[in-house]
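Below is one structure, written out as structure tokens; comments come after it.
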């Protein structure tokens with residue numbers, strides 16, 4: 001999968017450049033957005049849209065959503081090169097959510113540089129992020145692969161389903177974060193991940209199935225694969241934060257325990273509060289609720305999580321989800337190469353150690 | 355039109371309540387957003403979505419976008435009551451843009467109360483605003499009026515066209531606001547209004563035309579009517595700020611000249627800078643660029659605008675746009691009552707004095 005990512009990345013970036021050029025002119029605006037009633041201001045739109053978008057994209061990112069889409073398309077027996085504009089849909093959407101999330105979280109840094117709202121102002125950053133929600137959806141109307149009307153409608157309906165659930169997931173996550181008490185069930189945590197992270201994965205998979213006209217059961221199987229992999233990825237993230245923190249806590253001057261410091265209600269925290277003796281659960285809750293914690297307190301919280309067996313519990317769940325994801329793929333008629341890539345992708349997601 | 359607004363408002367609010375109930379439960383979530391993979395958290399979604407949405411709606415608003423939609427539907431010979439869920443599409447979209455705009459502008463007050471991000475936090479407010487971009491679009495998939503596939507697809511394609519242009523308009527406006535120099539042409543200013551304010555009006559008109567299956571030339575005529583009326587409305591806003599400020603400048607303790615204080619590049623400012631003698635244009639530019647101005651300076655700027663004949667110029671343009679809007683309606687086969695309402699609506703927009 002690593003080679004596939006490297007192989008397709010330049011073509012994906014070229015396809016994005018076709019949709020939102022680095023240099024905006026009146027001709028592009030007219031052809032993509034339609035004729036103006038009066039007169040566009042290409043300079044303004046350069047600064048409002050193209051500059052922030054390309055600033056973020058040029059900072060990196062593997063474009064794995066676009067590439068996973070192309071892997072599916074190839075697995076469905078079609079030529080990926082013909083569907084490059086569609087591969088940009090989840091990729092631009094994803095980068096739009098990054099800009100908006102950073103405003104919501106008041107993040108300082110993104111991909112090693114100041115978050116976009118610090119460079120362009122909150123107004124420009126937010127409007128660019130939101131524009132990146134709608135701009136990719138217009139690709140379906142442009143219809144570069146000459147899809148029949150039913151497929152275009154199916155794609156729109158799918159996108160509205162998934163993008164609505166994305167906002168439910170983000171809503172749950174934000175609300176829990178603003179609450180003091182940990183009152184969430186493991187099932188609700190998994191649902192939050194399935195909505196917030198999973199839906200964009202589902203868009204990748206379902207869009208590939210819809211535009212290549214797969215039967216509903218195939219679309220569902222690849223959607224489940226993508227969702228399960230995304231949820232496993234999210235849990236892997238939570239595990240890594242605790243494990244790396246426990247390993248790093250002795251090192252002088254290194255930050256550790258960020259999730260605990262932020263009071264994040266991860267699957268591990270939810271498990272530890274459910275499974276610890278009442279006084280330890282109470283103590284963990286206290287540390288999470290506090291506005292600031294000493295290193296010793298953070299370490300204490302991490303120990304409570306470790307002693308409750310929450311790391312093993314989370315790892316078991318992640319492995320189980322990854323196994324389920326692979327089963328979805330095994331039930332399909334993909335060629336050996338595609339199956340290998342998809343299994344490798346899921347494996348990569350739970351194996352990574354950074 | 356005033357009676358029509360009062361008449362329909364309760365039914366519109368009931369229809370919105372059907373789409374996003376004031377009290378969220380698992381059953382609603384499942385029926386509107388689809389079955390969860392694991393388990394929803396209705397309490398979280400109550401606070402993330404329903405509470406902010408209804409807080410804003412309960413503060414007022416005439417629901418004129420929904421009502422204008424219903425007037426069109428009736429004019430096209432259909433029963434408005436059957437299309438109430440569709441009337442909510444532009445209304446929820448509009449209220450979503452209000453929440454997001456207030457974050458972008460760092461507004462303190464909305465409809466006489468603290469802006470939503472001050473009450474719910476920037477994260478909740480923004481996510482709710484963005485959820486309100488996608489939630490109404492799902493109504494087309496729910497398909498309450500049992501529309502054939504072509505009409506649903508046409509509605510989605512129309513919405514993507516207009517919502518993309520909305521973000522172009524907002525992008526131009528924000529960029530100009532952040533720039534010091536006034537370098538915009540009147541045509542670009544009108545385009546900004548047509549995109550930013552006009553597109554939501556166009557959505558109202560085109561959606562009514564699409565779901566009642568009108569021919570393309572009718573859809574285009576009502577879209578033009580709505581756009582022209584919206585642009586006239588925007589210019590009316592700019593005129594009012596200058597006129598009320600000139601009238602109020604002598605009154606002790608009253609705020610005046612808000613647009614000048616904000617450095618807003620209105621049509622009047624653009625005209626005044628083009629038409630004034632170089633030293634006066636230069637002075638106006640200076641006052642607009644300054645971070646803070648005394649009352650005397652604001653008054654000086656307003657006088658430059660007045661002396662340039664910019665108020666008359668703007669009023670002529672607004673009247674011309676309103677006349678064009680009425681012509682679009684006169685060319686259609688509406689019954690006398692619908693034509694009267696639509697003419698009245700355009701008249702109201704340019705006549706208002708608050």
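Chains as they are written, first to last, in the numbering used here: chain A, 1 to 354; chain B, 355 to 708. Beta carbons are placed, not taken as given, at the ideal position from N, Cα and C, and that holds for glycine.
Mark residue 555 of chain B as exposed unless 16 or more other C-beta atoms lie within 10 angstroms of its C-beta, in which case mark it buried.
buried
Can you tell which of B:704, B:671, B:614 has its C-alpha closest to the C-alpha of residue 656 of chain B?
Residue 656 of chain B has its Cα closest to that of B:614, out of B:704, B:671, B:614.
Please compile the residues from chain B whose C-beta is within a distance smaller than 9 Å of the C-beta of residue 176 of chain A.
Taking a Cβ-Cβ cut-off of 9 Å, the neighbours of residue 176 of chain A in chain B comprise 395, 398, given in sequence order.
Beta carbon of residue 520 of chain B nearer than 8 Å to that of residue 550 of chain B:
yes
Contact set between residue 488 of chain B and chain A, taken where Cβ atoms lie within less than 7 Å
160, 163, 164, 167
Say whether the stretch 514-533 of chain B touches the stretch 25-39 of chain A, bearing in mind that this needs 3 or more beta-carbon pairs closer than 8 Å, one atom from each stretch.
Enough Cβ pairs lie closer than 8 Å, so yes.
Sub-8 Å separation of residue 559 of chain B and residue 576 of chain B beta-carbons:
yes
Suppose the cutoff is 8 Å on Cβ atoms and the five residues either side in sequence are ignored; what does the same chain contact list for residue 638 of chain B look like?
Excluding its 5 nearest sequence neighbours in each direction, residue 638 of chain B has C-beta neighbours in its own chain below 8 Å: 623, 626, 627, 630, 655, 658, 659, listed in chain order.
Rounded straight-line distance, which links the Cα of residue 67 of chain A to that of residue 4 of chain A
7 Å
Between the Cα of residue 457 of chain B and the Cα atoms of B:377, B:476, B:441, which residue gives the shortest distance?
B:476
Where residue 345 of chain A and residue 508 of chain B are concerned, what is the direct C-alpha to C-alpha distance, given to the nearest angstrom?
37 Å
Whole alpha helix (DSSP H) runs in the stretch 515-567 of chain B with 4 or more residues, listed along the chain?
540-547, 553-565
Would you please verify whether the beta carbon of residue 33 of chain A is less than 8 Å from any beta carbon of chain B?
yes
Three-state class that DSSP yields for residue 706 of chain B in the structure shown:
The answer is coil: DSSP assigns residue 706 of chain B none of H, G, I, E or B.
Boundaries (first-last residue) of the alpha helix (DSSP H) holding residue 355 of chain B:
Segment: none, residue 355 of chain B is in no alpha helix (DSSP H) and carries neither H nor E.
Assumed close pair residue 586 of chain B, residue 679 of chain B - CB separation to whole angstroms, cut-off 8 Å
7 Å
Can you tell me the Cα-Cα spacing of residue 218 of chain A and residue 98 of chain A, whole angstroms?
Residue 218 of chain A and residue 98 of chain A have their C-alpha atoms spaced approximately 30 Å apart.
What are the residues that DSSP puts in a beta bridge with residue 467 of chain B?
As a beta-bridge residue in DSSP terms, residue 467 of chain B pairs with B:464.
Using only CA atoms, which one of A:183, A:318, A:20 lies nearest to residue 51 of chain A?
A:20
Start-end ranges of the alpha helix (DSSP H) lying completely within the stretch 15-40 of chain A, minimum 4 residues:
Fully enclosed alpha helix (DSSP H) runs of no fewer than 4 residues occupy 26-33 of the stretch 15-40 of chain A, in order along the chain.
Which listed residue (B:455, B:495, B:645) has its alpha carbon closest to that of residue 439 of chain B:
The shortest C-alpha separation from residue 439 of chain B is found at B:495.
Are residue 449 of chain B and residue 473 of chain B close, meaning C-beta to C-beta below 8 Å?
Taking 8 Å as the cut-off, the Cβ atoms of residue 449 of chain B and residue 473 of chain B do not count as close.
Between residue 130 of chain A and residue 518 of chain B, which are expected to be in contact by the criterion C-beta below 8 Å, what is the C-beta distance as a whole number of angstroms?
Not a contact, Cβ separation roughly 11 Å.
Buried/exposed call for residue 136 of chain A, threshold 16 Cβ in 10 Å:
buried
Would you say residue 376 of chain B and residue 413 of chain B are within 8 Å of each other, going by their C-beta atoms?
no
Please check if any C-beta of chain B sits within less than 8 Å of the C-beta of residue 48 of chain A.
yes
Taking Cβ to Cβ, would you say residue 48 of chain A is nearer than 8 Å to residue 526 of chain B?
yes
Return the first residue and the last residue of the alpha helix (DSSP H) that residue 610 of chain B is part of.
Where residue 610 of chain B is concerned, there is no enclosing alpha helix (DSSP H), given that its DSSP letter is neither H nor E.
Which chain D residues sit within Cβ distance under 7 Å of residue 172 of chain A?
Annotation note: the requested chain D is absent from the structure, which comprises protein chains A and B.
At what residues does the alpha helix (DSSP H) containing residue 43 of chain A begin and finish?
42-45
Rounded separation between residue 328 of chain B and residue 643 of chain B - CA only
Nothing about residue 328 of chain B can be reported from this structure: the residues present for chain B run from 355 to 708 only.
Reference residue 583 of chain B; option with closest CA among B:701, B:371, B:415:
B:701
Candidates A:214, A:265, A:224, of which the one nearest residue 237 of chain A by Cα
A:265
Among residues of its own chain, excluding the 5 on either side of residue 40 of chain A, which ones have a beta-carbon nearer than 6 Å to its beta-carbon?
26, 29
Label residue 636 of chain B either buried or exposed according to how many other C-beta atoms from any shown protein chain fall within 10 Å of its C-beta, with 16 as the threshold for buried.
exposed
I think residue 298 of chain A touches residue 257 of chain A, with their Cβ atoms under 8 Å apart; what is that distance to the nearest whole Å?
4 Å
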